[in-house]
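First residue of the sequence shown? That's 7 in this note's numbering, and the numbers climb one at a time after it.
Positions of the beta carbon are idealized from the N, C-alpha and C atoms, including for glycine.
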Amino acid sequence: MRLLERMRKEWFMIGIVLAIAGAKLEPSIGVNGGPLKPEITVSYIAVATIFFNSGLSLKTEELTSALVHMRLHLFIQIFTLAFFPATMWLFLQLLSITPINEWLLKGLQTVGCMPPPVSSAVILTKAVGGNEAAAIFNSAFGSFLAGNCAKCFHILYLARSQSCLWRSGHLHFIRGH
């Protein structure tokens, strides 16, 4: 009986492990254009469903009280959109003296400039009993800000190298450098 109780408590982590194992066994199911159509289901339907379900479970008072915690929101946005990318850049400066492929380092810097996925931020906050209303606000607001912040960090961190060009509002990588 203890095993069953533990599984009920850790259902989310068990689901993640099963999803990863399933993806390893049959990756063709989740590719773009595959049966799951992740370009639609993940990009639009899953995010909308998560926000909808989270919104239904929140009381209006919780959401309005979460909006006034400006210091919390400022801290989260600065940490996510400035501190973490800068820390990743410093870490990658150390890694750049190793024989690790330059393109892998550029990819890690790109990922370091992105905000956490909306779904995991909200679901994991709810799973640990955190402030779900604040997580929803910061996920939505952070995703809105991230488009511009990520471009700025890409320009700052990557566009200085000879293998990057900034054209038509997009960062282009040049192979062979």
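The alpha carbon of Gln-115 has as its nearest neighbour, out of Pro-105, Phe-90 and Asn-137, the alpha carbon of Phe-90. Taking the Cβ atoms as the reference, Gln-99 lies roughly 25 Å from Gly-148, outside the contact range of under 8 Å. Residue range 90-101 is occupied by the alpha helix (DSSP H) that includes Pro-91. If you draw a 10 Å sphere on the C-beta of Ile-26, you find fewer than 16 other C-beta atoms in it, and that means exposed.
Residues Ala-139 of the same chain have their beta carbon placed closer than 6 Å to that of Leu-69, with the five preceding and five following residues left out of the count.
For Lys-15, the closest alpha carbon among the candidates Ser-34, Gly-135 and Ala-146 is that of Gly-135. Assigned with DSSP and collapsed to three states, Leu-9 falls in helix. Ala-141 is positioned such that its CB atom lies closer than 7 Å to that of Ala-127. Less than 7 Å divides the Cβ of Phe-143 from the Cβ of Ala-72. According to the DSSP assignment, Ser-71 belongs to the alpha helix (DSSP H) that extends over 66-73. Between Gly-28 and Ser-34, the C-beta spacing is not below 7 Å. Residue state for Leu-114 is assigned as helix, using DSSP reduced to three classes. Within its own chain, the residues whose Cβ lies closer than 6 Å to the Cβ of Thr-131, once the five positions on either side in sequence are excluded, are Glu-138 and Ala-141, listed in chain order. With contacts defined by Cβ atoms closer than 7 Å, Met-94 and Gly-113 do not form a contacting pair. Counting every other CB atom within 10 Å of its CB across the protein chains shown gives Thr-66 a total below 16, marking it as exposed. Look at Ile-106 here: in three-state DSSP terms it is coil, with no helix or strand label. Per DSSP, reduced to three states, the secondary structure at Met-120 is coil, with no helix or strand assignment.
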